[in-house]
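Okay, so the sequence shown: first residue is 1 according to full-length UniProt numbering, each after it adds one.
We put the CB at the ideal spot given by N, CA and C, even for glycine.
Note that this is a predicted model, so its numbers are computed, not measured.
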Amino acid sequence: MKYVVGVDIGTQSTKGILMDANGRILASASRGYAVETPKPLWAEQWPDVWLEATLEVLAEVVSNAGVDKQQIASVCISSLYGGSGIPVDEDIRPLYPCLIWMDRRASDRVDWVRNYVDTKELFRITGNSLDSYYGYTKILWIKENEPEVWAKTRYFLPPNSYINYKLTGEIAVDHCSAGNIGGVYNIEKRDWSTKACRMLGIPKTMLPERLVPSDGIVGGLLPEMAHKLGLAAGTPIVAGGVDAAVATLAAGVVAPGNHVAMIGTSMCWGFVNHQVDARHGLISMPHVNNPQQDIYTFGGAITAGASVTWFIEQFCSAEKQQAKSQGCSVHQLLEEKAQDLAPGAEGLIFLPYLMGERSPIWDAKASGTLVGLSLYHTRYHMYRAVLEGVTFALKDNIESGKACAERLDNELIVVGGAAFSDMWMQIIADITGYPVLTIKEEVEAPLGDCFLAAKAAGIIQNADEIRQWFTLQPRATPDAKRHERYNEIFKTYRSVYKNLKGDMHQLYDLTKVS
1 MKYVVGVDIG
11 TQSTKGILMD
21 ANGRILASAS
31 RGYAVETPKP
41 LWAEQWPDVW
51 LEATLEVLAE
61 VVSNAGVDKQ
71 QIASVCISSL
81 YGGSGIPVDE
91 DIRPLYPCLI
101 WMDRRASDRV
111 DWVRNYVDTK
121 ELFRITGNSL
131 DSYYGYTKIL
141 WIKENEPEVW
151 AKTRYFLPPN
161 SYINYKLTGE
171 IAVDHCSAGN
181 IGGVYNIEKR
191 DWSTKACRML
201 GIPKTMLPER
211 LVPSDGIVGG
221 LLPEMAHKLG
231 LAAGTPIVAG
241 GVDAAVATLA
251 AGVVAPGNHV
261 AMIGTSMCWG
271 FVNHQVDARH
281 GLISMPHVNN
291 PQQDIYTFGG
301 AITAGASVTW
311 FIEQFCSAEK
321 QQAKSQGCSV
331 HQLLEEKAQD
341 LAPGAEGLIF
351 LPYLMGERSP
361 IWDAKASGTL
371 VGLSLYHTRY
381 HMYRAVLEGV
391 TFALKDNIES
401 GKACAERLDN
411 ELIVVGGAAF
421 SDMWMQIIAD
431 ITGYPVLTIK
441 EEVEAPLGDC
451 FLAAKAAGII
461 QNADEIRQWF
471 TLQPRATPDA
481 KRHERYNEIF
491 KTYRSVYKNL
501 KGDMHQLYDL
511 TKVS
């Protein structure tokens, strides 16, 4: 029997699983860590945190599975979108923290690009637009603000590329991660763009020459790493990709029409397409499956589950204590009261823009907002409003996607932490109008990594085979009356942002000055 290992480096934790060729999970492990936020709207991480977590997870799943290491066919590692990537020197030593997807410090570089670069041509080349979310604006921030780092930088490496280098000694970037950087990748030619790099003033030499598909083998596991991990030297290490795309693959999204929402710390809703159009405000990159033909297009909210966590940490200390004493989840206690409230939380609307926002509004200066409060409202109203607000952000992206997708299936698959909540699944069904399905096995991106590893090793040939590795289960069916009600509230959700946008920007600028 052959085995594969999949590891996903996430924003707040690294998770891994070891599976057999039939898709049966034999071992799993995880390690948690924090995001560093030294200034408002900054979000960065040192890569050694990821490396330590990855090595511990790999060693644990291999040890706990107890299988013959010679039968472990391959290992695949995916990662969070690393924004700028890790600036490394000639010896591939990190020079500066990685400015991750959540970081919004590059707003002034966005203005510079808008004023001095032909953005119409840039968007045509890359299939992506302009925002401080994209890695190329973060790279420009480092160039402008950290000249000593810039002078020593040999490469900018996505997180999984850096980890793969540490495991194999080989440098390569998968097409999915390359495309997600934005302004430096030619989406049609599937290569770095000489013209775009020249327009932006980013040396093409800082981008690793070797580009590979997500199921491509980067190299063999180094002997010293093999000894440390309990694996065989030379075990193939597979390139992997951006976690959102890999999690989408894990949910069986392999053909146009398939679409899935991944709701964890952030929210990503995506689908497979064959063409791109930056005007619709979504993000596009080669898919981790069949990257030379298929494009993964997605929209996302920066703070989805993070909004829920923030609300609980700031306002629900009593429920946290009660949950601890009763041995249950704090979410369970809140939902007992919130689930019976009418759609719209009796007049509350929450905008989940706690770190600015990505698609479709692309506004780094947007801020979290709770509108409609009165003395009548309780924490339970606010909790429901937060869940609804994140779901309205999902609907906002779906509406943009409908304008450019070849087609969309009439059901929505949801993966991630949100899938643990029956109440949230029902809210998603009622707001989007789609029947909601979830994956019984709850494995997310690591399952997609295992699939890519199995494909690289020749264990699997057909992408459709991934659907045999998990069980889809119906979770919620939209209620027609609630859906109609939510459609009206959604109009208000959109108008609240439009009406407050100027004030949000003024507050942002005042904060920045202070």
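How would you write the range of the alpha helix (DSSP H) that residue i sits in, first residue to last?
i           : result
residue 558 : There is simply no residue 558 to check, as the chain begins at 1 and stops at 514 in what is shown.
Tyr81       : Premise fails: Tyr81 is in no alpha helix (DSSP H) and is neither H nor E.
Arg467      : Taken as a continuous stretch (DSSP letters only), Arg467 belongs to no alpha helix (DSSP H), as it is neither H nor E.
Met225      : Pro223 to Leu229
Gly219      : Element bounds for Gly219: not the alpha helix (DSSP H) but the beta strand (DSSP E), Ile217 to Gly220.
Thr391      : Arg379 to Lys402
What's the call for residue i, buried or exposed, on a 16-neighbour Cβ count within 10 Å?
i      : result
Asp509 : exposed
Lys195 : exposed
His331 : buried
His274 : exposed
Arg467 : exposed
Thr438 : buried
Met504 : buried
Phe451 : buried
Leu507 : exposed
Arg407 : exposed
Gln292 : exposed
In whole angstroms, give me the CA-to-CA distance for residue i and residue j.
i      : j      : result
Ser514 : Asp277 : Because Ser514 sits at a pLDDT of 48, beneath the cut-off of 50, its placement in the model cannot be relied upon, and the point is left open.
Ala73  : Val4   : 6 Å
Leu207 : Lys491 : 43 Å
Val414 : Glu444 : 10 Å
Gly66  : Arg384 : 45 Å
Asp243 : Gly23  : 19 Å
Pro446 : Lys39  : 32 Å
Lys138 : Lys512 : 18 Å
Ala250 : Asp449 : 8 Å
Asn145 : Leu95  : 14 Å
Gly127 : Ala419 : 31 Å
Lys69  : Asp363 : 49 Å
Gly356 : Ser13  : 23 Å
Could you spell out where the beta strand (DSSP E) holding residue i opens and where it closes?
i      : result
Pro236 : Pro236 to Val238
Cys268 : Met267 to Asn273
Leu373 : Leu373 -> no beta strand (DSSP E), and no H or E assigned at all.
Ala301 : Ile295 to Ala301
Phe350 : Ile349 to Leu351
Tyr3   : Tyr3 to Ile9
Ile439 : Val436 to Ile439
Under the assumption that residue i contacts residue j (Cβ atoms under 8 Å), give the Cβ distance between them as a whole number of angstroms.
i           : j      : result
Ser63       : Gly230 : 6 Å
Leu349      : Gly300 : Sequence inspection shows Ile at residue 349; the Leu mentioned does not correspond to that position. That pair is no contact at about 20 Å.
Leu211      : Ile237 : Incorrect: roughly 16 Å between the Cβ atoms, too far for contact.
Thr168      : Val110 : The Cβ separation is near 35 Å, so there is no contact.
Leu41       : Ala27  : The Cβ separation is near 39 Å, so there is no contact.
Ser84       : Ile142 : 6 Å
Thr297      : Phe271 : 6 Å
residue 515 : Lys395 : Residue 515 falls outside the range modelled here, since the chain spans only 1 to 514, and no answer is possible.
Val35       : Ala43  : 5 Å
Which residue or residues does DSSP assign as beta-bridge partners of residue i?
i      : result
Asn186 : Asp191
Arg31  : Thr14
Gly257 : Leu408
Phe156 : Pro87
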